[in-house]
Amino acid sequence: MSVPQTGVAGVFRGDVGGFRLDAEFKLEPTGITALSGPSGAGKTTLLRCIAGLTRLAGRLVVGGEVWQDADRFLAPHRRPVGVVFQEASLLAHLSVRGNLLYGAKRAGGEGGLDDTVELLGLAPLMGRGVGALSGGERQRVALGRALLTRPKLLLLDEPISSLDAAAKAEILPYLERLHRTLAIPALYISHDAGEIARLADHLLLMKDGKVTPGGAVRRVVADLSGVSDAERDGLARAAIRAGLQPEA
Amino acid sequence: MGEVVLTTLRLAGLTTVLLLILATPIAWWLSTRRAWWKEVVAAVTTLPIILPPSVLGFYLLVALAPQSPLMSLLHPFGVRTLAFTFEGLVIGSMVYSLPFAVQPIRNAFEAMGGRPMEAAATLRASPLDAFLTVALPQARRGFLTAAILVFAHTIGEFGVVLMIGGAIPGKTEVISTKIYQLVEGLQYGDAHRLAAGVVVFSFAALLAMLLIDRGWDRGLN
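These protein sequence lines map, in sequence, to chains A and B. Per numbering that gives the first Met the number 0, numbering through the first sequence is continuous, rising by one, with the last residue being 247. Per numbering that gives the first Met the number 0, numbering through the second sequence is continuous, rising by one, with the last residue being 220.
Here's what the structure looks like:
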């Protein structure tokens, strides 16, 4: 198998606690790829394999670099990957600034802090302890912290699914801004068709540990500027239910 | 009497420092393994809580005596015996208080869970780096509890220090053995002073622990 020089290509096979993962997938060099599918399909397991947090046999190439194959397994801390977990998982003993800089320092410097703070509107939060943040604020910090490690791949595991409607509405514009400026591939796990329609460029579907390509979201939901959010969500849901067949 | 207090504080301080260093890897290992047999190790480290101090003291005395296999390993280094020495007392106190160090630290690591370590790994921290900069600071309450319990428990021990130390004045005589000796000699006045000192100190130590715990609770929420 040749090493693709751009984008992400991976395959993972194996058992984790009685669950069988048999996933082969590709990500485009830029843009957000949504990973959707029923609960228990293996989405989080796949994301953990990509980050190196779960070790299964397989192969993973990111931007021409082999992160894992038969005789190589890059430890999680050696993978230039940014991860946002479903619960923000901020480091409770550090301030917002401390959390943002924890990874940045280890990834080569604090450069980019101002831009990230600006992008995610974090300036008013900087001096606070993480215990005093709302759910949406916590996820923004988690996202900023991940971006500051200069990742070559961004992984987001349902980053806003546990937020209430108001917090979602508050954070979505930031994610859309991120989407416009992001120069690396991102994998975004989500159940929510409306979220996928707003944020994703491509779609992967997952079921019973297997991945099937879902094609380009934009083809289905791009030219919907005239319709309401609710209608767009409905359309996106219908499209995803129908399987969003790969482009012909 | 000042000498006895000094010996006691030296013993308690040294035991606390060495035991926290020893207990940290044990507690980490216990909190991160899933195998059932790790509880065998946990039970062994907890044993000193329920064993009679005389049983513990007896075995320690046997192990630290000149003819024991353990001591024969140290003979080439010029150490013949640790029985009835201050060093022997430190070792005995460490064994005696081991559960009081391991338990709170293990609980703190377990309360933290695996997620902060995973988050640190995705932020490029190596396992050792993450342990030092995430696990240790997040488990600081466990360390504080362990330190205070071990220090106070060492000051309170009697049976073990009597058996392996022999209460040699200026060397292995500590407050608890001194009180016993004073009472035997009917010197109730001195016994009262020392005993009251231990009660006040122990109360202050526990109160400090609870207050600091409470303060940290507020700080985090």
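Heads up, the beta-carbon is just placed ideally off N, CA and C, and yes, glycines get one too. Since we're looking at a predicted model, the values are computed, not measured.
How many Å lie between residue i and residue j at the Cα?
i: D68 (chain A); j: L17 (chain B); result: 44 Å
i: V200 (chain B); j: T7 (chain B); result: First, the amino acid is wrong: residue 200 (chain B) is Phe here, not Val. The straight-line gap from Cα to Cα measures roughly 13 Å.
i: S160 (chain A); j: A166 (chain A); result: 10 Å
i: V198 (chain B); j: R213 (chain B); result: 23 Å
i: E38 (chain B); j: E117 (chain B); result: 24 Å
i: R96 (chain A); j: G134 (chain A); result: 17 Å
i: G56 (chain B); j: V43 (chain B); result: 16 Å
i: V3 (chain B); j: L205 (chain B); result: 23 Å
i: L210 (chain B); j: A151 (chain B); result: 16 Å
i: R205 (chain A); j: D21 (chain A); result: Rather than Arg, the amino acid found at residue 205 (chain A) in this sequence is Met. Going by the C-alpha atoms only, they are around 10 Å apart.
i: V216 (chain A); j: S189 (chain A); result: 13 Å
i: V61 (chain A); j: G81 (chain A); result: 13 Å
i: A11 (chain B); j: L46 (chain B); result: 20 Å
i: F85 (chain B); j: W28 (chain B); result: 30 Å
i: G164 (chain B); j: G87 (chain B); result: 7 Å
i: L174 (chain A); j: D200 (chain A); result: 13 Å
i: R140 (chain B); j: I178 (chain B); result: 33 Å
Helix, strand or coil, according to DSSP, for residue i in the structure here?
i: S224 (chain A); result: Unreliable placement is indicated for S224 (chain A), whose pLDDT of 48 sits below 50; the coordinate value is still reported in the next sentence. Correct three-state label for S224 (chain A): coil.
i: L8 (chain B); result: helix
i: E169 (chain A); result: helix
i: G41 (chain A); result: coil
i: W28 (chain B); result: helix
i: D191 (chain A); result: coil
i: D221 (chain B); result: Here chain B comprises residues numbered 0 to 220, so residue 221 (chain B) is not present and cannot be evaluated.
i: T148 (chain A); result: coil
i: W36 (chain B); result: coil
i: A190 (chain B); result: helix
i: Q244 (chain A); result: Bear in mind that a pLDDT of 44 at Q244 (chain A), under 50, signals an unreliable position, so the number given afterwards is only what the model happens to contain. Three-state result, Q244 (chain A): coil.
Do residue j and residue i count as a contact pair if the criterion is CB distance below 8 Å?
i: F234 (chain B); j: T171 (chain B); result: Residue 234 (chain B) falls outside the range modelled here, since chain B spans only 0 to 220, and no answer is possible.
i: G36 (chain A); j: K42 (chain A); result: yes
i: L193 (chain B); j: I167 (chain B); result: no
i: L276 (chain A); j: L121 (chain A); result: In the structure displayed, chain A extends from 0 to 247; residue 276 (chain A) sits before or after that span and is not available.
i: L119 (chain A); j: R139 (chain A); result: yes
i: T121 (chain B); j: P184 (chain A); result: no
i: T132 (chain B); j: A145 (chain B); result: no
i: Q85 (chain A); j: E169 (chain A); result: no
i: L13 (chain B); j: V101 (chain B); result: no
i: F99 (chain B); j: A138 (chain B); result: no
i: A145 (chain A); j: L153 (chain A); result: yes
i: I49 (chain A); j: L59 (chain A); result: yes
i: P52 (chain B); j: E183 (chain B); result: no
i: A40 (chain A); j: S88 (chain A); result: no
i: V129 (chain A); j: A91 (chain A); result: yes
i: G63 (chain A); j: T5 (chain A); result: yes
Could you work out which residues of chain E lie near residue i, taking near to mean beta carbons separated by less than 7 Å?
i: A124 (chain B); result: Looking at the structure shown, chain E is missing, and the protein chains on hand are A and B.
Using the DSSP secondary-structure output, state which residues sit across from residue i in a beta bridge.
i: V258 (chain A); result: There is no way to answer for residue 258 (chain A), as the model of chain A reaches only from 0 to 247.
i: L59 (chain A); result: A:G9, A:Q67
i: L186 (chain A); result: A:T32, A:L154
i: P212 (chain A); result: A:L203
i: V15 (chain A); result: A:F18
i: S94 (chain A); result: A:G128
i: F85 (chain B); result: DSSP lists no partner for F85 (chain B).
i: F72 (chain A); result: A:Q67
Could you give the first and the last residue of the continuous beta strand (DSSP E) run that contains residue i?
i: A22 (chain A); result: 18 to 26
i: L203 (chain A); result: 201 to 206
Ends of the alpha helix (DSSP H) at residue i?
i: V78 (chain B); result: Unbroken run through V78 (chain B): none, as it is neither H nor E.
i: T153 (chain B); result: 139 to 155
i: L180 (chain B); result: Per the sequence shown, the amino acid found at residue 180 (chain B) is Gln instead of Leu. Unbroken alpha helix (DSSP H) run through Q180 (chain B): 174 to 183.
i: A118 (chain B); result: 114 to 121
i: M224 (chain B); result: This structure cannot settle anything about residue 224 (chain B), because the visible part of chain B is limited to 0 through 220.
i: P68 (chain B); result: 68 to 73
i: E109 (chain A); result: E109 (chain A) -> no alpha helix (DSSP H), and no H or E assigned at all.
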